[in-house]
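For the record, the sequence lines run as chains A and B.
Oh and the first sequence: position 90 is 190 in the working numbering, straight run, nothing missing.
Oh and the second sequence: position 1 is 937 in the working numbering, straight run, nothing missing.
Here a beta-carbon is modelled for each residue, glycine too, at the ideal position from N, C-alpha and C.
Heads up: the structure comes next, in structure tokens.
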Amino acid sequence: MQRPASRGPDPVGDNPGIGQGILARATGAKGWKDHGLLLWTHFLVPPVLAALVVAAAFATPVVAGILAAAVLAIAAVSARGLLSRLSRTEEARLSLNSQLIQSQKLAAIGELSAGLAHEINNPIAIIAQEAEWAEHVVREAEKNCNADFAEVRDSLREVRAQVDRCKNITHKLLDFARKREPVLQDVDVGRIIEDMARLVDKEAAYKNVTLTRDLPQDLPLLRTDSPLLRQVVLNLMTNALQAVDTGGRIEVSARADDEVMEIRVKDNGCGIEPENLEKIFNPFFTTKPPGQGTGLGLSMCHTLVTGMRGEIFVESKPGQGAAFTVRLPRKT
Amino acid sequence: MDIKILLVDDESDFVETMVKRFGIRKMPIDSAKSGQEALAALETKEYDVIILDVRMPGMDGLQVLKLIRERAPLTEVIMLTGHASLETGMQGMNLGAYDYVLKPADFDDLLDKVRKAFERKELNAKARKQGT
């Protein structure tokens, strides 16, 4: 059944947000007004036709029979159309809902870990100071008593090394929980990607990984926060580099339409297990062996992109690599 | 408006060339040969943009960056590095560097980044003023 054309000004004109954009894309509808007209048609056409049948029944039963069959068919098609439209809307709503829950969950975890980091920071600083003081006392004692406390010194050094490790983690956590109000400038996204890719190039070559760029020449400028964007791009590329084996491939691309700028980092590495897809942006989630990486990179990307009013998502099949996509709104 | 720039690098040849090149464009810049010198300079003058070498004897660039961000949070820092190391690049950006530039840097490119960094600093200062 043909969708009735909407009248008046273009309903997209009132600038739907990203969420509405997804809903619209998923349902093929342009806006609420469009839905209204559609519903009117769905609900009014069958009864009007039924009334015609009743009128015809007073004239000749044969015509009424034919008309009744036709009305039934039209009503069935109309109901089916409505049903499929409704289920598509429902699906889109559910996916939007889960996205919302996901980002709320991440925000909550972020806040919790920042609070924790803040509380732990002070005791850690005191432990570091005391260890330093103890080292000093031991050295003095060695000088005065002419004894060798090498083992004590070793142990104190280890205490300090581990405390430093803790400090690094708490600092990272506090750092990314700090709300940074984005500073908006006109940014050449292609340039930023190229700059950051150059940083990755050498390490990629060392691992025999090809890092290709697909950046259109006519990419428009984007009003966004350039250091934040650099951080996101660099993090995603580093993440991809860690995911691929020797001889792997990483593709970085960017494209823009009227509403969004899309940056994509795709690799042909080990991919992500389906059960891990949901957790991939959680702070501290990592599949790397303990001690390598804190699992904060991607969650930081999520925080930064959300702060820039954009969205980030991942697609992956195990063994077939992964693709991270960042979508940033072009209208500020 | 004049941009107050400080260049921190232990390679004196590089510093001399840069001072000259900025000078030609009527943009006088100050220079420091080490992190300590840079921090001392920061005590006496407010800079808009600091161009900071990552690898220096004594205090390394990342340490200096951390201290600059604490002492002069509005000042933007562009990191310069001869060795493309991902790890330090990530650390630098996480610590709040404006940009991370590989040596040898194209001068016009660097100039463009300095201007953008300055624009950002001004925007930040304005936002802060309105906030209080």
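LYS267 of chain A sits in a helix when the DSSP states are folded into three classes. For the stretch 988 to 1017 of chain B, the set of residues with a beta-carbon nearer than 7 Å to any beta-carbon of chain A is empty. Look at ASP301 of chain A here: in three-state DSSP terms it is helix.
Following the DSSP letters along the chain, one finds GLU211 of chain A in no beta strand (DSSP E) but inside the alpha helix (DSSP H) bounded by residues 161 to 245.
Counting C-beta atoms within 10 angstroms of its own C-beta, SER967 of chain B has 16 or more neighbours from the protein chains shown and is therefore classed as buried. In the three-state reduction of the DSSP assignment, TYR1034 of chain B falls in the coil class, being assigned neither a helical nor a strand state. The beta carbon of VAL1037 of chain B falls within 9 Å of a beta carbon belonging to chain A, placing the residue at that interface. From the listed residues A:PHE249, A:GLU232, A:LEU398 and A:VAL344, the smallest Cα separation to GLU378 of chain A is found for A:LEU398.
A direct Cα-Cα distance of roughly 10 Å separates SER416 of chain A from ASN368 of chain A.
By the neighbour-count criterion, in which 16 or more other beta carbons inside 10 Å mark a residue as buried, THR432 of chain A falls on the exposed side. Using a CB distance cut-off of 9 Å, ALA1033 of chain B counts as an interface residue toward chain A. One Cα belongs to ASN222 of chain A, the other to CYS245 of chain A, and the distance between them is close to 34 Å. About 22 Å separates the Cβ atoms of SER326 of chain A and ILE350 of chain A, ruling out a contact at the 8 Å cut-off. Look at the stretch 1051 to 1063 of chain B: the residues with a C-beta under 8 Å from a C-beta of chain A are LYS1052, GLU1055, ARG1056, LEU1059, ASN1060 and ALA1063. The shortest CA-to-CA distance from ILE941 of chain B to any of B:GLU947, B:VAL985 and B:LYS956 is the one to B:VAL985. Taking 9 Å as the cut-off, the beta carbon of PRO418 of chain A is found no closer than this to the beta carbon of PRO389 of chain A. The beta carbon of GLY1025 of chain B sits closer than 7 Å to the beta carbons of TYR1036 from its chain, once the five residues preceding and following it are set aside; these are given in chain order. Under the DSSP assignment, LEU311 of chain A falls outside any alpha helix (DSSP H), being part of the beta strand (DSSP E) whose first and last residues are 310 to 314. Around LEU1022 of chain B, the beta-carbon contacts reaching into chain A at under 7 Å are LEU299, VAL300, GLU303 and THR338.
Where VAL1000 of chain B is concerned, the enclosing alpha helix (DSSP H) starts and stops at 997 to 1007. Residue contact check for ARG349 of chain A against chain B: no CB pair falls below 9 Å. If you check the CB distance, LEU404 of chain A and LEU322 of chain A do not come in under 9 Å. Contact check for ILE209 of chain A and ASN382 of chain A: beta-carbon distance about 6 Å, within the 8 Å limit, so the pair qualifies. Comparing alpha-carbon positions, the option among B:LEU1022, B:PRO1040 and B:ASN1030 lying closest to LEU299 of chain A turns out to be B:LEU1022. Close to VAL352 of chain A, with beta-carbon spacing below 7 Å, lies no residue of chain B; the smallest spacing is near 15 Å. Under the 10 Å beta carbon count, VAL944 of chain B is surrounded by 16 or more other beta carbons and is classified as buried. Neighbours of GLY1025 of chain B in chain A, taken as residues whose beta carbon is under 9 Å from its own, are MET296, LEU299, VAL300, LEU334 and THR338 in chain order.
Per the DSSP secondary-structure output, ALA968 of chain B pairs in a beta bridge with B:VAL944. Membership of LEU377 of chain A in the alpha helix (DSSP H) is indicated by the continuous run 374 to 377. A distance below 8 Å between beta-carbons, with the five flanking residues on each side excluded, links CYS266 of chain A to the following residues of its chain, in chain order: ILE220 and ILE224. The Cβ neighbour count for LEU328 of chain A, taken over all protein chains shown within 10 Å, is at least 16; the residue is labelled buried. The alpha carbon of TYR983 of chain B has as its nearest neighbour, out of B:ARG957, B:MET992 and B:ILE1004, the alpha carbon of B:ILE1004.
Secondary structure at ILE987 of chain B: strand, using DSSP grouped into helix, strand and coil.
By the CB criterion at 9 Å, VAL332 of chain A and VAL414 of chain A fall outside the cutoff. In the three-state scheme derived from DSSP, where H, G and I count as helix and E and B as strand, SER326 of chain A is classed as helix. Taking C-beta separations shorter than 7 Å and ignoring five residues to either side along the sequence, the partners of ASN1060 of chain B in its chain run LEU1010, following chain order.
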